[in-house]
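A short worksheet on the structure shown next.
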Amino acid sequence: MPTKPIMITRTPRGTQPSDRTHTGDTTPAWQQALARAIRDPETLARELELDPAHLPGLHAGHTLFRVRVPRSYLARMRKADPQDPLLLQVLPQQQESEEHPGFVADPVGDHDALAAPGLVHKYHGRVLLLTTGACAVHCRYCFRREFPYAEHNASQEDWAPALAYIHADSSIREVILSGGDPLSLSDPRLADLVRRLEAIPHLERLRIHTRLPVVLPERVDNQLLNWLGKGRLHHVLVLHANHPREFADPAAAALARLRARGITLLNQAVLLAGINDDPDTLCELQEDGFRHGILPYYLHLLDRTRGTAHFEVTEQRALELHQALHARLPGYLVPRLVREVPGEPGKTPRWAGL
Ligand SMILES: *Cc1c(COP(=O)(O)O)cnc(C)c1O
Ligand code: SF4
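In this text, residue positions in the sequence shown follow this note's numbering: the first is 9, and each later residue adds one.
Encoded structure:
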């Protein structure tokens, strides 16, 4: 899951992540699971026992941003419920083709911050490395849904310029792997990248923003744990779950393996109408996350990407919900409510009194 912006290639339609070097028997199970992900709206409807006739928007955004749903994520959805909060995150809706003022193709792009190919240096002490455009799931609310990825192919075959930049700036303590989803890269490639980062003496932390342990728990296999949570750098995983049911098995088992490795686990969520915009769901998301060893990080207001207006929660309502979290939860279980404002030197906090 991306921290934020930009300049990333989406995997060409219908292809697998480009680092898929394995063939036949040696293909890791998680890559096989990814290959079996649902890629068309009819199959999604059929598997959930929904009548396509009652889903008029089934093809609305599909040509622009293809359906992609791993089967283990599908298994956590309720059958025959068109309002299921997990389904709503991946199901194309009629409203995706509506135009709304202020909802644009690329709401958060800031191309100026590109310090080297695939490297964004915007905030003090940390840089964002855009590693791949591929994701295991296609979330309908995602700001990436319409970005002209092909023009900004940052899928780095060669990380050398980015690594040289990091080497040269000793104020950088943390490298954030983003995308796309960095864990859609193969373990040999990731392990190689991590080794090269470890060789940069002033680096202390490696942060990975990913939705894979939640949506494709098969990803948390022995090969991953051969490098993740090991080595000189402190590893932080920022997960992305929007609804407490996303933590259910098999994700729970994957999270337990990560926790056992001593990796710092955080969660960021997007506030989404009809999915998590009520106090009970939001509280449960934090409490259930904590049961799995995860602390909340950010609660994002939606980026105003074209085709996502039906997910928007007003800022007024967001503040009310955030206050409800403060009232009900210990301080350490209250995520920071933020909005991405292009050009501002950090995520912009939103809370009552600011
Ligand atoms: C969000 C973001 C980060 C990380 O910011 P934190 O406040 O440390 O989570 C870093 N670089 C860019 C460009 C970002 O958008
Ligand atoms: S995992 Fe979903 S929200 Fe994250 S980048 Fe991919 S499509 Fe967007």
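The beta carbon of each residue, even a glycine, is placed where N, CA and C say it ideally should be.
Note that the coordinates shown come from a computational prediction; the quantities given were computed from them, not determined experimentally.
- Look at leucine 220 here: in three-state DSSP terms it is helix.
- Cβ atoms of leucine 52 and glutamate 254 stay farther apart than 8 Å, at about 17 Å.
- By the 16-neighbour rule on beta-carbons within 10 angstroms, tyrosine 340 is exposed.
- At a threshold of 8 Å, tyrosine 340 does not count as near ligand 1, since its beta carbon sits no closer than that to any of the ligand's heavy atoms.
- The Cβ-Cβ distance between histidine 62 and aspartate 48 does not fall below 9 Å.
- Across the structure, asparagine 234 and glutamine 324 are spaced so that their CA atoms are roughly 46 Å apart.
- Taking C-alpha positions only, glutamine 97 is separated from arginine 79 by approximately 14 Å.
- In the three-state reduction of the DSSP assignment, isoleucine 174 falls in the helix class, which pools H, G and I.
- Shortest gap from the CB of arginine 134 to any heavy atom of ligand 1: under 8 Å.
- Relative to phenylalanine 319, the option among Asp286, Ala332, Leu279, Leu99 whose CA is nearest is Leu279.
- For the 9 Å CB-CB criterion, leucine 138 and isoleucine 174 do not form a contact.
- Not a single heavy atom of ligand 1 lies less than 8 Å from the C-beta of lysine 87.
- When secondary structure is reduced to three states using DSSP, glutamate 182 falls in the strand class.
- In the DSSP assignment, glutamine 324 forms no beta bridge with any residue.
- By the neighbour-count definition (other C-beta atoms within 10 Å, threshold 16), arginine 203 is an exposed residue.
- With a threshold of 8 Å, the Cβ atom of alanine 41 does not count as near ligand 2, since no heavy atom of the ligand is closer than that.
- Arginine 84 and glutamate 206 have their C-alpha atoms roughly 37 Å apart.
- Distances between the C-beta of alanine 170 and the heavy atoms of ligand 1 are all 8 Å or more.
- For alanine 277, the enclosing beta strand (DSSP E) begins and ends at 272 to 278.
- CA-CA distance, leucine 191 to glutamate 226, rounds to 11 Å.
- Annotation for alanine 144 indicates a beta carbon within 8 Å of some heavy atom of ligand 2.
- Within the region 227 to 308, the complete beta strand (DSSP E) segments of 3 residues or longer fall at 242 to 248, 272 to 278, 303 to 308, listed in chain order.
- Sequence-distant Cβ neighbours of leucine 232 in its own chain, meaning closer than 7 Å and more than five residues away, are Asp195.
- Pairing histidine 243 with arginine 213 gives a Cβ-Cβ distance under 9 Å.
- Just so you know, the alpha carbons of leucine 201 and proline 115 end up roughly 30 Å apart.
- The Cβ neighbour count for aspartate 288, taken over all protein chains shown within 10 Å, is under 16; the residue is labelled exposed.
- In this structure, DSSP gives histidine 70 a state outside helix and strand, which the three-state scheme calls coil.
- Take the alpha-carbon of aspartate 296 and the one of alanine 261: they are about 14 Å apart.
- For tyrosine 149, the shortest C-beta to heavy atom distance toward ligand 2 is below 8 Å.
- In this chain, leucine 82 is not harboured by any beta strand (DSSP E); it is covered by the alpha helix (DSSP H) spanning 79 to 82.
- Taking the C-beta atoms as reference points, aspartate 92 is found nearer than 9 Å to leucine 56.
- When Leu224, Val246, Ala277 are compared, the shortest CA-CA separation from valine 77 is found for Leu224.
- Looking from the CA of histidine 251, the closest CA among Ile271, Gly282, His129 belongs to Gly282.
- Taking the Cβ of lysine 355 as the reference point, at least one heavy atom of ligand 1 falls within a distance shorter than 8 Å.
- Between isoleucine 46 and alanine 176, the alpha-carbon positions lie close to 44 Å from each other.
- The C-beta distance from phenylalanine 151 to aspartate 311 rounds to 4 Å, short enough to fall under 8 Å.
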